Amino acid sequence: MKIVFRGLAILFIVCLVLSSSLDVAGSDFSSVKTPGNDIVWNGADDREVAAVIDVAQNDTRKNASGPKITSNAHSAEFPGTYFIWDSKQSDNGHLKVHASVFDKFDSFILTAKTSNSYWDFEIAIQPGQEMTEDDCFVFFIPKVKEGKNINMVFISEFKQKSLVLQELNYTENPVDIPNPDRGFYRPQSYVIPVNGGTPSFPNLKATITGTTVQVDARIVYMEFDLRNFSSNAPLNGRPIGPWSKAGATPPNYGTTQPITPAALDYVRAALQKVRDSEAVAIVKFSYDGQGYTYIDSGIYDQVIHDSEPGAPQGRVWYETGVREESDLSGIPGHEEKNWVQYHLWQLGNVFSEFEDSIMVVKGGIFGPWGEMHSSSYARTREGYHWLLNALLNYVPDSRSILVHAGGVMAWHNVEYGTDYSFTNLMPAPERGTPAQRFGMFNDSYAHGGEDGEYDDWGSLSEGFALIGTGDYDDYDRNAVLNWIRNQNNFYGGETNELDEDEEGYEDNIYPKLPSALYEAAYTQTTHLNTSWNRDTYKLWDDFVYNEANVTAPFTSPHDGVTRTAIFDPVYDGRNGMEYMRDRLGYRLVLREAYASKWVVRNGTLRFEGKIQNVGFGNIVNKKNVSVILKAKDGSNTYTALTNLEARDWRPDLDSRASNTAAYRDLNFSIKMSEFGSVPAGDYDIYLKINDPKETSTNRRSIQFANHDIWNTSLGANLIGSTTVK
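Using our numbering, you'd call the opening residue of the sequence shown number 178 and step up by one each time.
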């Protein structure tokens, strides 16, 4: 905006030297912290960008009010300000204001007095107004009346800068919202070849088994079988025993050896397929992925022998009765490591390389199917101690490890000299500690049980012999569920087979809704298998999600307590599986959003909102939360990282929108300089939430469950708009 002057009778300069950190609690300039008085009048350059301010006579004023502006002096009321004016002239003046003032105020009133008349100028940034090179705005103050000298000027009536409610839909859209680190997973098994090969990859879109419900999964459950690298691991069948058919031949076995470079590259290739997709991976390694070393035929129910390399009761012990004397690898430089530890050391580099694509590592390793039971190692506290320490060392610190409650407490007791058990429960650990890095995988999720053993077919009671008295009677379902909740980590797994003809089936409420809904919310369940098992999933699919069904009281046999689940009307009339699908893990709904209506280019963008996590679970892995400004008239974007902690957006047992106590703060203030050089104009504001190690532009970003809020190309959520001046 160019203004030409024929003469200037009054030179009136207000130089406000302000930091960009404002005390927003104040109501005048005196609350602004200032570094000094280094703004100067730059003559013609400042006049070039001056904006004309209209004047209005104020007949209501009888006396001067507000701090008076004096000439050639610093004002105590306006820290860091400097004024130059000549009251003996009566024509025109200028006001120069540092841009940071407009971070705090939308406007203020400059009042001039001539004789007994008062004239008000509303000082506010004008449309299209340019800044000076020293980050100020200049305002041209025209003469107010011919022949009347100005004898007093003061500032008053500060209009505090306010945030504007954004026109968005703040309701939940009850549909599948694919997001990383949560939801149904697609299972994929791999037998790692010694000489390498090409790994397969599942279709992420699937129909959940036993149901008609579709899901677009964002987790691949990768079961890597290391059988080729253990002389105790059968390759193609169960060892010969009394359970074998006549004429059966013994299986072939692997060879205890280091994981070959080609085999490690095979694992890398599989994880690269995850990275190239929209998904993340749950990674598990074991030496008996097919369960060849376990027999459960109705007559025999036992482990046959250890499958881990070097384990004491492996193939040699099974065939000769002689235990292995040592499990040490003997690899130069790694002589102190046993073979399992050495293999995990080898895999540690792969874990680090693909940290961005790994959701969590399942402990696995021990026993048939890698379910961490039955083998010699799994039957000792010391076995869990060295295994979990190895995993803590070789899995990146940012990632968790899935074990089971008994195993974690056994590790803790050895590591720290504690005595935790199901009757003396391990307390909730602090975030960032080794103990907090453990979640749980349940191989018979919500299975319940019968005959007083309500332990999900042993998945919840696993490790009972290693803690406390070692007696099964110490096991308590509520204690384990409390341990899971206290961990604030990943919890999930797969359901198991149900037999309607089995005695006690009708009384087993645990796999049925609404009991399973209640426990899923309480344990903060994050993930389940799309493909196992149809028996339980059909129960959920057949369940009509309505208020009468959901709130029907149920009595849990393990403690005799009658409970009631909470009905969320958003899903009224859907089926139970749809609700379970959408509520697994976190699910974020923007409930409120206020943003700066406008912001100067070197000012501060402010936002205040509320977000609700309506899912069962937490955001477990740390995320970057960034703000993106996208030009409304083009495709240019500008991004700044915030210090928001998404892991603090915790769920509540009551996920209804009416539960405002479950809303979490979503507030930020960002200096515009952090976005880079942002031109003046209108912008949409987006929030992007993704892993700090993510390398893609828009994959694996968290999508809110609101209507019409997601931008696929940005991988970000629309949370408002603003104007940059």
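Heads up, the beta-carbon is just placed ideally off N, CA and C, and yes, glycines get one too.
All values reported here derive from a predicted model rather than from experimental measurement.
Assigned exposure category for residue i - 16 Cβ within 10 Å defines buried
i           : result
residue 478 : exposed
residue 463 : buried
residue 608 : exposed
residue 342 : exposed
residue 198 : Because residue 198 carries a pLDDT of 28, less than 50, the predicted location of this residue cannot be relied on, and the following value inherits that uncertainty. So residue 198 ends up on the exposed side.
residue 476 : exposed
residue 884 : exposed
residue 234 : exposed
residue 891 : buried
residue 391 : exposed
residue 423 : exposed
residue 652 : buried
residue 889 : exposed
residue 818 : exposed
residue 710 : buried
residue 721 : exposed
residue 240 : exposed
residue 302 : buried
Cβ distance (whole Å) where residue i is taken to contact residue j below 8 Å
i           : j           : result
residue 621 : residue 686 : About 15 Å; that fails the 8 Å criterion.
residue 701 : residue 599 : That belief does not hold up - the Cβ atoms of residue 701 and residue 599 are roughly 19 Å apart, past 8 Å.
residue 362 : residue 394 : 6 Å
residue 285 : residue 332 : 6 Å
residue 168 : residue 441 : In the structure as shown, the chain starts at 178 and stops at 902, and residue 168 therefore has no counterpart that could be examined.
residue 897 : residue 808 : 15 Å between Cβ atoms; not a contact.
residue 910 : residue 893 : A question about residue 910 goes unanswered here, because the residues of the chain that appear run from 178 up to 902.
residue 830 : residue 743 : 7 Å
residue 376 : residue 447 : 4 Å
Neighbourhood of residue i by C-beta, 6 Å cutoff - its chain only, sequence neighbours within 5 removed
i           : result
residue 657 : 582 and 637
residue 359 : 703, 761, 762 and 763
residue 444 : 527
residue 382 : 393
residue 747 : 349 and 351
residue 416 : 481
residue 203 : Reliability fails at residue 203, whose pLDDT of 36 lies under 50, so the model's placement of it is uncertain and no value is given.
residue 659 : none
residue 506 : 514, 516 and 519
residue 471 : 480 and 545
residue 654 : 631 and 735
residue 494 : 500
Candidates the options, of which the one nearest residue i by Cα
i           : options               : result
residue 751 : 813, 719, 476 and 866 : 719
residue 531 : 518, 449 and 510      : 449
residue 237 : 220, 294 and 226      : 294
residue 903 : 222, 381, 334 and 390 : Outside the displayed range of the chain (178 to 902) lies residue 903, so it cannot be described from this structure.
residue 230 : 283, 300 and 709      : 300
residue 903 : 573, 644, 364 and 509 : No answer is possible for residue 903: it lies beyond the span of the chain, which begins at 178 and ends at 902.
residue 843 : 270, 785, 484 and 874 : 785
residue 119 : 345, 857, 514 and 727 : Since the first residue of the chain shown is 178 and the last is 902, residue 119 is not available in this structure.
residue 580 : 571, 564, 781 and 593 : 564
residue 404 : 379, 426, 388 and 371 : 371
residue 397 : 435, 454, 601 and 602 : 454
residue 758 : 791, 899 and 740      : 791
residue 452 : 535, 852 and 373      : 535
residue 715 : 387, 862 and 673      : 387
residue 669 : 698, 677, 882 and 218 : 698
Residue i vs residue j beta-carbon contact at 8 Å
i           : j           : result
residue 549 : residue 458 : no
residue 541 : residue 555 : no
residue 460 : residue 538 : yes
residue 664 : residue 737 : no
residue 675 : residue 713 : yes
residue 280 : residue 338 : yes
residue 745 : residue 662 : no
residue 841 : residue 795 : no
residue 614 : residue 569 : yes
residue 601 : residue 629 : no
residue 773 : residue 782 : yes
Other residues of its chain near residue i: CB distance less than 8 Å, five sequence neighbours each side excluded
i           : result
residue 591 : 558, 559, 561 and 562
residue 433 : 406, 407, 408, 409, 486, 487 and 516
residue 626 : 632, 633, 634, 685 and 687
residue 800 : 823, 824, 866, 867, 868, 869 and 879
residue 428 : 411, 412, 413, 414, 415, 416 and 469
7 Å Cβ shell around residue i - same chain, five flanking residues per side excluded
i           : result
residue 855 : 778, 806, 815, 849 and 901
residue 312 : 275, 276 and 779
residue 575 : 532, 798 and 799
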